[in-house]
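K.L.:
Listed in order, the protein sequences are those of chains E and B. Mapping of the first sequence onto the UniProt record's numbering: position 49 corresponds to residue 49, and the numbering continues sequentially without gaps. Mapping of the second sequence onto the UniProt record's numbering: position 60 corresponds to residue 60, and the numbering continues sequentially without gaps.
There are 2 protein chains.
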Amino acid sequence: MKKLMNNPTNVVDEMIEGYVKAFPNYVKQLEENKRALVAVRQEETNKVGVLIGGGSGHEPAFMGYVGYGMADGVAVGNIFASPSPDPIVEVTKKIDNGQGVVFIYGNYAGDLMNFGMAAEIADLEEDIKVERVIVTDDVASAPKEEMHKRRGIAGEFFVTKAAGAAAEKGYSIEDVVRVAKQMNDVTRTMGVGLSPCSLPQTGMPSFELAEDEMEIGLGHHGEPGIEKGKLQTADEVVDRLVEDILKDMPIESGNKVAVLVNGLGSTTNMELYIMFRRVEQILSSKNIHIHRSFVGSYSTSLEMGGASVSIAKLNDELAEMIDFAADCPMYVQR
Amino acid sequence: MKKLMNNPTNVVDEMIEGYVKAFPNYVKQLEENKRALVAVRQEETNKVGVLIGGGSGHEPAFMGYVGYGMADGVAVGNIFASPSPDPIVEVTKKIDNGQGVVFIYGNYAGDLMNFGMAAEIADLEEDIKVERVIVTDDVASAPKEEMHKRRGIAGEFFVTKAAGAAAEKGYSIEDVVRVAKQMNDVTRTMGVGLSPCSLPQTGMPSFELAEDEMEIGLGHHGEPGIEKGKLQTADEVVDRLVEDILKDMPIESGNKVAVLVNGLGSTTNMELYIMFRRVEQILSSKNIHIHRSFVGSYSTSLEMGGASVSIAKLNDELAEMIDFAADCPMYVQR
Chain E
1 MKKLMNNPTN VVDEMIEGYV KAFPNYVKQL EENKRALVAV RQEETNKVGV LIGGGSGHEP
61 AFMGYVGYGM ADGVAVGNIF ASPSPDPIVE VTKKIDNGQG VVFIYGNYAG DLMNFGMAAE
121 IADLEEDIKV ERVIVTDDVA SAPKEEMHKR RGIAGEFFVT KAAGAAAEKG YSIEDVVRVA
181 KQMNDVTRTM GVGLSPCSLP QTGMPSFELA EDEMEIGLGH HGEPGIEKGK LQTADEVVDR
241 LVEDILKDMP IESGNKVAVL VNGLGSTTNM ELYIMFRRVE QILSSKNIHI HRSFVGSYST
301 SLEMGGASVS IAKLNDELAE MIDFAADCPM YVQR
Chain B
1 MKKLMNNPTN VVDEMIEGYV KAFPNYVKQL EENKRALVAV RQEETNKVGV LIGGGSGHEP
61 AFMGYVGYGM ADGVAVGNIF ASPSPDPIVE VTKKIDNGQG VVFIYGNYAG DLMNFGMAAE
121 IADLEEDIKV ERVIVTDDVA SAPKEEMHKR RGIAGEFFVT KAAGAAAEKG YSIEDVVRVA
181 KQMNDVTRTM GVGLSPCSLP QTGMPSFELA EDEMEIGLGH HGEPGIEKGK LQTADEVVDR
241 LVEDILKDMP IESGNKVAVL VNGLGSTTNM ELYIMFRRVE QILSSKNIHI HRSFVGSYST
301 SLEMGGASVS IAKLNDELAE MIDFAADCPM YVQR
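1) Does the ligand ADP have even one heavy atom less than 6 Å from the beta-carbon of B:H289?
2) Determine the chain E residues that contact B:T233 at a beta-carbon separation under 9 Å, and present them in chain order.
3) Starting from B:L194 and walking both ways along the beta strand (DSSP E), at which residues does that stretch end?
4) Keeping to the same chain, check which residues put their C-beta closer than 8 Å to that of B:A162; ignore five residues upstream and five downstream.
5) Would you call the region 270-280 of chain E and the region 151-168 of chain E touching, i.e. three or more CB-CB distances under 8 Å?
6) Alpha carbons only, please: which of E:M190, E:T202, E:S56 and E:G49 is nearest the one belonging to E:S301?
7) According to DSSP, what are the bridge partners of E:S308?
8) Check each candidate in E:S206, E:E90, E:Q99 and E:N97 and name the one with the smallest Cα separation from E:P115.
9) Among E:N25, E:L124, E:D248 and E:G305, whose alpha-carbon lies nearest the alpha-carbon of E:A210?
10) Between E:T268 and B:G54, what straight-line distance do the alpha-carbon atoms span, to the nearest angstrom?
11) What are the partner residues of B:S301, as DSSP defines its beta bridges?
12) Determine, using beta carbons only, whether E:E303 comes closer than 7 Å to chain B.
13) Taking 7 Å as the CB-CB limit, is E:N107 close to chain B?
14) Under the rule that 16 or more other beta-carbon atoms within 10 Å means buried, what is E:E271, buried or exposed?
15) Buried or exposed for B:S308, please, with buried defined as at least 16 other CB atoms from any protein chain shown within 10 angstroms of its CB.
16) Quick check: the Cα distance between E:T173 and B:N10, rounded to an integer number of angstroms?
17) Just how far apart, CA to CA, sit B:P8 and E:N287?
18) Mind checking which residues open and close the alpha helix (DSSP H) that includes B:S285?
19) Would you mind listing the alpha helix (DSSP H) stretches within the region 60-108 of chain E that are 4+ residues and don't spill past its ends, in chain order?
20) Rounding to the nearest angstrom, what Cα-Cα distance links B:L37 and B:L30 in this structure?
21) Please list, in chain order, the chain B residues whose beta carbon lies closer than 8 Å to that of E:R240.
22) Against chain B, which members of the region 9-35 of chain E pass a CB distance test of less than 7 Å?
23) Applying a beta-carbon distance threshold of less than 7 Å, which residues of chain E neighbour B:E271?
24) Which class does E:V242 belong to by DSSP, given the choice of helix, strand or coil?
25) For B:G203, is the classification buried or exposed, using 16 other Cβ atoms within 10 angstroms of its Cβ as the cut-off for buried?
26) Kindly indicate which residue of E:D239, E:T187 and E:L264 has the alpha-carbon position closest to the one of residue 338 of chain E.
27) Is there a C-beta anywhere in chain B that falls below 7 Å from the one on E:I288?
28) Cβ of E:T268 less than 7 Å from any chain B Cβ?
29) Buried or exposed, going by whether 16 or more other CB atoms sit within 10 Å of the CB of B:M330?
30) Chain E beta carbons: is any one of them nearer than 7 Å to that of B:L194?
31) Considering just the uninterrupted stretch of the beta strand (DSSP E) at E:N331, what are its terminal residues?
32) I want to see whether chain E comes within less than 7 Å of B:I153, judged by CB atoms only; does it?
33) Can you find a C-beta in chain E that's less than 7 Å from the C-beta of B:D327?
34) Looking at chain B, which residues of the region 273-284 of chain E have a Cβ within less than 7 Å of any of its Cβ atoms?
35) To the nearest angstrom, report how far apart B:Q42 and E:M1 are at their CA atoms.
36) Helix, strand or coil for E:P205, going by three-state DSSP, please let me know.
If you want it as structure tokens, here you go:
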């Protein structure tokens, strides 16, 4: 697939350089490590730090969500690969205000190892209290009995938002972690893949799928899904995705939820709105109230074709976090 | 190309339905015409109305830019086709507060005809003062001597923002028009196409390009560009785009500009940041100050591959408009 790039080995560094140049009032690169970015704040804060990160290729995640109401810093990995502990530690040192730092990342082997090592280093060498919240929203990636094996995908946006809002409100690290874990506990995502992306360095497609096929539950890095089949209509696909979510996490009539219909890269907003239409039909038929909606490409897999539906079951406190303002280069909420 | 949709003939109506359901606090469909959407405002206003619109397929444009600081209403056409006069007139009637309404749309035959007819109807039948601002930012679409023949593309975002901010500030209709026209006069866009989109109803690609080719100046609906050639590096492409812009509209050292690096659909944010990196290098080498940057898929051609660079040369008043807050479903600025 054609890409607008220079030397493929430099895509991540050039991307970061461009991003920081585009939003100098929002983010800066640390001198200690160029894969470590922190928010530029107009005023000193005394709040808990929120750190996000993971592999590149999911833009606007994760870099795009550094700013007021979201994360204070991000560690950026290579494409679809965890950042090494170094940038994580550097960001941690920078964003700690003595209240500790919460790491939020998806449940992937590389991230578990590197964020884990970084947490240990920050604790032992820098005496910074670090807590970790691991995102596991992808219903298709493991059965309910093995929830801890589930991968993190688009729902990480909600978890970051919850932690970021709680930290901004001055919550203690224990409460930021409580709110973020609670958001993860009530967030479920189901996705569908239609077409692969290609990695800049190899040009190879991330998976294969016939021109008339789709795959339910395909992972954000092309991990195999749970069912391959003929492409169905948007309504049929959404019916399936929402059904799987509600089977996994029953939601009672009268409850309120946040909904994210997320595009994986090359899927148009038009398709996402058409999908949202069906999500809304299903939920309103069950008297489930949509508290706030998010529709767009919030967490991508380069130019993969496909989309996911995330539903978060909200209590009043979580709804407050969802409604909290944000001001990041790639996500602003008034 | 695979699409998540139901009956292809219903994509636009289902898209609008989903969009309005997703953002009920922002937009509502008029009973008089379902292709006519207006902003939901918490308070009565007495300002000049700003109306945008055009064909569908450019999402998040134009629908996404209805809200505070941007447009008060939008008329939605079929895919790549102008809205008919009816929804334009209905929106006009709804958003007029006695101060008149400014129409902003791209320079396309269908839009010229339909917005023109709607303006006449609003004037003659409803006694509403209507002014029209036609966007002509696409440098590649006609030579400088025939500027009035140029098409409108991504730069329409800046023109809408200028008009929306001016209206919000309480400017008279004459001044809203003056500011919007001025923004159009100082905005230039150059784009590159890499891969076609396909229309939902036909499934046919919008143009053809070999796997190793790109086309400079390709239009937003697949209109032929000015040069087809081998795909070059991001830096080479950006050098060419910015050079053409600066040749067309010289910018002196010390001037300030707004920059929009816009993705056409399936081009990743990663590539857009890499492109922005080069734009910044070129402009800073010329001592041109980037006042504010916009990077993302602001105006697409369904899932077309490619991107454009828009540069607006700002005076102090236009910079104020660029900095003005916005609160729309698809664009928020604090």
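C-beta: ideal position from N, C-alpha, C; glycine also. Computed from a prediction, not measured in an experiment: that's the story for all the values here.
P.N.:
By the coordinates alone:
1) Inclusion of the ligand ADP in the displayed structure is not the case, the ligand content being empty and no account of it being possible.
2) L4, M5, N6 and N7
3) T187 to S195
4) V179, A180, Q182, M183, L318, M321 and I322
5) no
6) E:S56
7) E:G191 and E:N262
8) For the record, residue 115 of chain E in the displayed sequence is Phe; it is not Pro. Ranking E:S206, E:E90, E:Q99 and E:N97 by Cα distance to E:F115 puts E:E90 first.
9) E:G305
10) 17 Å
11) B:E303
12) yes
13) no
14) buried
15) buried
16) Inspection of the sequence shows that residue 173 of chain E is occupied by Ile rather than by Thr. One C-alpha to the other measures close to 49 Å.
17) 29 Å
18) N269 to S285
19) 85-95
20) 6 Å
21) Residues of chain B passing the Cβ test: none, with the nearest at roughly 12 Å.
22) V11, E14, M15, E17, G18, Y19, K21, A22 and F23
23) K3, L4 and M5
24) helix
25) exposed
26) Outside the displayed range of chain E (1 to 334) lies residue 338 of chain E, so it cannot be described from this structure.
27) no
28) yes
29) buried
30) yes
31) According to the sequence provided, residue 331 of chain E is Tyr. The question's Asn does not apply to it. Looking at the DSSP string, the run of the beta strand (DSSP E) that includes E:Y331 is Y331 to Q333.
32) no
33) yes
34) Y273, I274, M275, F276, R277 and E280
35) 46 Å
36) strand
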